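Following: one structure in structure tokens, then a few remarks.
Residue numbers (the working numbering): 1038 to 1452.
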């Protein structure tokens, strides 16, 4: 998986729009083609570009706070995981297409969020029989049933991509699409439509589900452990005094250098990696195979790398690798093992997660702001219990979550 590692394995081939021959860079197995496409993406995630994206995330976060303030004032519980997901989809809609889906404002009126979520589950099953999607669409009856959901998504993506191309990037400034379409270049070489639509959709799905689940998992543990919550709040308040009306979202660069905040995020990603088990690799066809230590892997042979297992292996993280202990990332205690080379939350090497820097920006800004703005307790009305959150987590290539019922209380500005 490193710089001299293997290409991606066959399970990545299903990461595309239904009935499309185009595949986004995330699923490209040919290392040369992947590198060519990846160069477009790299331009979108430079330090300068990330700075330009800060107002976009800030505006969406303020919108989220407005809705959560309203719920807090009513004194009733909210499904915090759902609100975080709506925020993340809206933000990634802004980032990918230059316009959000307005799930926070309108809810999922068109059922598109559900279609995307269901699609993740379908792809998780089909990735193990990568030829089955073509067979499925050739079976009478089955084709119609599958098409009813997938074509709805395909139509939505087509319309959204077309609107973005026609609108250009003038309304919001540069977004990911502006790089995929090579806007502003004196000799533009944009991706053709199907390739662009696949890339933009994958940006939304990959960037929304994963970050929203990580944020929700972090908030679960912070609410569960008040000592950790209080330590993190103290660090945030020290950097952004709440009595001065400051907020963590106003100066994201500061958050990069906050040790405990970043330890909490790392520990969350260690226990709950966005892709828990399916970082599959395989020696490229025609390569002759690959030697991994004393083992020879023939070309085309899939090799599974499960971050979930590595992250909980006491050889790499100890003591107590199953426990949420952020201090393991910042302690100087020599008896604590924290092997950063075994930390694969964003994969590693040239085929790692291209959006890592944006994801970390979002995680830091949202988590710090939520902790500073609200006192939080689990809403234990009904049958929900604390352990229900962990029991509801499911591995469908990406980690899927259940409900996180929470009662929010606005924090006094004079705190």
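Beta carbons are placed, not taken as given, at the ideal position from N, Cα and C, and that holds for glycine.
None of these values were measured; they are calculated from a predicted model.
Legend entry - Whole-number beta carbon distance between residue 1066 and residue 1045, since they are thought to touch under 8 Å: 5 Å between Cβ atoms; contact.
Legend entry - For residue 1104, the first and last residue of its enclosing alpha helix (DSSP H): Where residue 1104 is concerned, the enclosing alpha helix (DSSP H) stretches over 1084-1111.
Inset, instruction - May I ask you to report which of helix, strand or coil DSSP gives residue 1211? - result: Here residue 1211 carries a coil assignment [DSSP, helix/strand/coil].
Inset, instruction - Could you say if the stretch 1292-1300 and the stretch 1086-1096 meet the contact criterion of at least three C-beta pairs nearer than 8 Å? - result: Remark: fewer than three beta-carbon pairs, one from each stretch, lie closer than 8 Å, so the stretch 1292-1300 and the stretch 1086-1096 are not flagged as touching.
Legend entry - residue 1279, DSSP secondary structure in three states: In the three-state DSSP reduction, residue 1279 falls in the helix class (H, G or I).
Inset, instruction - Closer than 7 Å by C-beta to residue 1377: which residues in its own chain qualify, once you throw out the five before and the five after it? Chain order, please. - result: Same-chain partners within the cutoff: there are none.
Legend entry - Beta carbon of residue 1064 nearer than 9 Å to that of residue 1078: Contact flag unset, no.
Legend entry - residue 1141 versus 1116, 1286, 1406, residue with shortest Cα-Cα distance: Ranking the options by Cα distance to residue 1141, first place goes to 1116.
Inset, instruction - Would you be able to state if there are at least three C-beta pairs under 8 Å between the stretch 1310-1327 and the stretch 1433-1443? - result: The stretch 1433-1443 is in contact with the stretch 1310-1327.
Inset, instruction - Express the C-alpha separation of residue 1212 and residue 997 in angstroms, rounding to a whole number. - result: Residue 997 is absent from the model: the chain starts at 1038 and stops at 1452.
Legend entry - Close Cβ partners of residue 1161 (< 7 Å) along its chain, the five nearest in sequence each way excluded: Only 1433, 1434 meet the Cβ criterion.
Legend entry - Nearest residue (CA-CA) to residue 1322, options 1449, 1259, 1265, 1337: The candidate whose alpha carbon is nearest that of residue 1322 is 1337.
Legend entry - C-alpha distance - residue 1125 paired with residue 1331, whole-angstrom precision: About 43 Å.
Inset, instruction - Check whether the Cβ atoms of residue 1265 and residue 1301 lie closer than 9 Å to each other. - result: Yes, these two residues count as a Cβ contact at 9 Å.
Inset, instruction - Consult DSSP for residue 1385 and reduce its assignment to one of helix, strand or coil. - result: Residue 1385 carries a coil assignment under DSSP once its states are collapsed to helix, strand and coil.
Inset, instruction - Within the same chain, show all residues whose beta-carbon is closer than 8 Å to that of residue 1395, passing over the 5 residues directly before and after it, in chain order. - result: Within its own chain, the residues whose Cβ lies closer than 8 Å to the Cβ of residue 1395, once the five positions on either side in sequence are excluded, are 1082, 1087, 1090, 1132, 1244, listed in chain order.
Inset, instruction - Measure the C-alpha to C-alpha separation of residue 1289 and residue 1326 and round it to an integer number of angstroms. - result: Between residue 1289 and residue 1326, the C-alpha separation is close to 44 Å.
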